[in-house]
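Everything on this sheet refers to the single structure shown next.
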Amino acid sequence: LNEYSSAIDIKKFLLDDLLSWRIVFINGHYSASISQLESLPDGVCIGSLAEVIKTKSKLPARWLGTIAKQTESLFSALNASVFNDGVLIHIKANIKLDRAIEVIYINQSHEQANLVQTRNLVIVEEGAQATLIEHFMGNDQSLYFHNNLTEISLDRSASLKHYRLQNESPRAYHLSDLNLTQDAGSHYYATALSFGSRWARTDIRTRFENPGAKCELNGLYTVGDKQTCDFHLNVKHNVPGCVSRERFKGLLYGKGRAVFDGRIRVDKQAQQSDAQLSNDNLLLCPSAEVDTKPQLEIYADDVKCSHGTTVGQIDPQQIFYLRSRGIDKAKARQMLCLGFASSIIDSIDISALRLVATEQLNKILITQDEKQ
Numbered sequence: 113l114n115e116y117s118s119a120i121d122i123k124k125f126l127l128d129d130l131l132s133w134r135i136v137f138i139n140g141h142y143s144a145s146i147s148q149l150e151s152l153p154d155g156v157c158i159g160s161l162a163e164v165i166k167t168k169s170k171l172p173a174r175w176l177g178t179i180a181k182q183t184e185s186l187f188s189a190l191n192a193s194v195f196n197d198g199v200l201i202h203i204k205a206n207i208k209l210d211r212a213i214e215v216i217y218i219n220q221s222h223e224q225a226n227l228v229q230t231r232n233l234v235i236v237e238e239g240a241q242a243t244l245i246e247h248f249m250g251n252d253q254s255l256y257f258h259n260n261l262t263e264i265s266l267d268r269s270a271s272l273k274h275y276r277l278q279n280e281s282p283r284a285y286h287l288s289d290l291n292l293t294q295d296a297g298s299h300y301y302a303t304a305l306s307f308g309s310r311w312a313r314t315d316i317r318t319r320f321e322n323p324g325a326k327c328e329l330n331g332l333y334t335v336g337d338k339q340t341c342d343f344h345l346n347v348k349h350n351v352p353g354c355v356s357r358e359r360f361k362g363l364l365y366g367k368g369r370a371v372f373d374g375r376i377r378v379d380k381q382a383q384q385s386d387a388q389l390s391n392d393n394l395l396l397c398p399s400a401e402v403d404t405k406p407q408l409e410i411y412a413d414d415v416k417c418s419h420g421t422t423v424g425q426i427d428p429q430q431i432f433y434l435r436s437r438g439i440d441k442a443k444a445r446q447m448l449c450l451g452f453a454s455s456i457i458d459s460i461d462i463s464a465l466r467l468v469a470t471e472q473l474n475k476i477l478i479t480q481d482e483k484q
């Protein structure tokens, strides 16, 4: 680990001009030398989950495995049985953090493939507010499987903005299992950006514990040659008066394949639920493929719910309009694709992350146009 840490230029993984607390994991193990956790406020704990467990703290023992059920999947059970490390974030009641928390996962392998298993526990107590940014990064042509499991608990009136940037190695396999519980009046806002890896799957499961909570899930994924990307959402309205919003967009090119499976369940007792789900996909060439399945199960009477999906190609008339204004074909395609993705990117309130997302999308579009 020390050998890897000394060879890594952490600056190239950081967001420009972002004031944050930073914790870094290399191949699933905490790297103290390139993390930055100084000057944490009283009542805030950010650190290595493995190290906290070694101290026999009661906090992980109380929470681990209570939000994510090991029976949900084989890989959740695998992670629970033997994980490398992960982050523990505990924010006590009514603390409002004035800077973001960054969790950076850097994975690299040289001679053989790696199995990287990280496990995270995030607890935001009553009335507390925080912003969490996760970066999943891979170096060069490293081959590895990153199996990530995250449990998040939001107490009454707590608020968490959660951004996830997945840009792993093009040979990597990535699996994220995110599990969330929300108490009354809490607000969870998440945006997932999936650009890298050979195969990536993200499962998001959320459950409302008391009325008046709100959950917003946004996502943008790009899929190209030799890439597969899956998103699976399972949002349960099991108490009255909660709000959920799920909005995901995909850009597909080459022989890329995406799968979107969005499920919202409104139980009989969850009256006055408000749930909306949408998935829009733009195919940049005929060989790309997407399988999309929005699901809405309603067992209550007094609800406001909607769901839908679209799959289409760039409108030739829009290309013609832009070209008639002196814009070349490649630039016109880029402009239309950026316009398609802008509703997701513009919803990010961290300018440095918006810039990274835009630059990465531009890079993908330029590369794709050069191949045509």
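Numbering (the numbering used here), first residue to last: 113 to 484. Glycine included, every Cβ here is placed at the ideal spot set by N, Cα and C. Remember, it's a predicted structure, so these values are computed and weren't measured experimentally.
Discussion item. So, with DSSP's three-state summary, where would you put residue 204?
Written reply: Coil at residue 204, not helix or strand.
Discussion item. Determine whether the beta carbon atoms of residue 122 and residue 136 lie at a separation below 9 Å.
Written reply: The answer is yes: Cβ separation under 9 Å.
Discussion item. Which of the three DSSP states is assigned to residue 281 in this structure?
Written reply: Here residue 281 sits in coil by DSSP.
Fill in: the region 332-349 touching the region 311-321, judged by at least three CB pairs closer than 8 Å
Cβ pair count under 8 Å is three or more, so yes.
Worksheet entry | When 287, 265, 441 are compared against residue 274, the one with the closest alpha-carbon | Per the C-alpha coordinates, the member of 287, 265, 441 positioned closest to residue 274 is 265.
Discussion item. Distance check for residue 204 and residue 211, CA to CA, integer angstroms please.
Written reply: Near 16 Å, if we compare the C-alpha coordinates of residue 204 and residue 211.
Worksheet item: Counting only runs that start and end within the region 362-417, where is the beta strand (DSSP E) found for 3 or more residues in a row?
Response: Qualifying beta strand (DSSP E) stretches, in chain order: 369-378, 385-395, 401-410.
Practice prompt. Please name the residue, chosen from 368, 370, 329, that lies closest to residue 485 on a Cα-to-Cα basis.
Written response: With the chain running from 113 to 484 in the structure shown, residue 485 is simply not present.
Worksheet item: In chain order, what residues of the same chain have a beta carbon less than 6 Å from the beta carbon of residue 301, not counting five sequence neighbours either side?
Response: Correct list, in chain order: 273, 328.
Worksheet item: Exposed or buried, residue 433, counting other C-beta atoms within 10 Å across all chains shown (16 or more means buried)?
Response: When all chains shown are included, residue 433 counts as exposed.
Worksheet item: Exposed or buried, residue 309, counting other C-beta atoms within 10 Å across all chains shown (16 or more means buried)?
Response: Buried is the call here.
Practice prompt. Buried or exposed for residue 398, please, with buried defined as at least 16 other CB atoms from any protein chain shown within 10 angstroms of its CB.
Written response: Exposed, since its Cβ has fewer than 16 Cβ neighbours within 10 Å.
Worksheet item: What residues in its chain sit with their C-beta under 6 Å from that of residue 307, if we drop five residues either side in the sequence?
Response: Around residue 307, the same chain offers 279, 334, 472 as residues with beta carbons nearer than 6 Å, after the five sequence neighbours per side are excluded.
Practice prompt. Check whether the Cβ atoms of residue 337 and residue 368 lie closer than 9 Å to each other.
Written response: Contact: yes.
Item to complete: Over the uninterrupted alpha helix (DSSP H) stretch that includes residue 188, give me the two end residues.
Response: That run of the alpha helix (DSSP H) goes 186-193.
Worksheet item: Exposed or buried, residue 290, counting other C-beta atoms within 10 Å across all chains shown (16 or more means buried)?
Response: So residue 290 ends up on the buried side.
Discussion item. Can you tell me where the beta strand (DSSP E) holding residue 317 begins and where it ends?
Written reply: Run containing residue 317: 311-320, per the beta strand (DSSP E) assignment.
Item to complete: Alpha carbon to alpha carbon, how far is residue 146 from residue 115? Give it in angstroms, no decimals.
Response: Low confidence applies here, because residue 115 scores a pLDDT of 45, under 50, leaving its location unreliable; read the following figure in that light. Roughly 12 Å separates the two Cα atoms.
Item to complete: State the DSSP-derived secondary structure class of residue 359, mapped to helix, strand or coil.
Response: DSSP, reduced to helix, strand and coil, places residue 359 within a strand of the structure shown.
Fill in: Backbone secondary structure at residue 174 - three-state DSSP
Helix.
Fill in: Contact check, residue 363 vs residue 469, beta carbons under 9 Å
Cβ atoms of residue 363 and residue 469: not closer than 9 Å.
Item to complete: Would you check if the distance between the CB atom of residue 220 and the CB atom of residue 259 is smaller than 9 Å?
Response: Contact flag unset, no.
Fill in: Distance between residue 371 and residue 457 (C-alpha atoms, nearest Å)
The alpha-carbon atoms of residue 457 and residue 371 are separated by roughly 21 Å.
Discussion item. On the CB-based measure, 16 or more other CB atoms within 10 Å of its CB, does residue 172 come out buried or exposed?
Written reply: Burial of residue 172 is indicated by the presence of at least 16 other C-beta atoms within 10 angstroms of its C-beta.
Practice prompt. Return yes when the Cβ of residue 381 is within less than 9 Å of the Cβ of residue 414, no when it is not.
Written response: It is not a contact, given that the beta carbons lie outside the stated cut-off.
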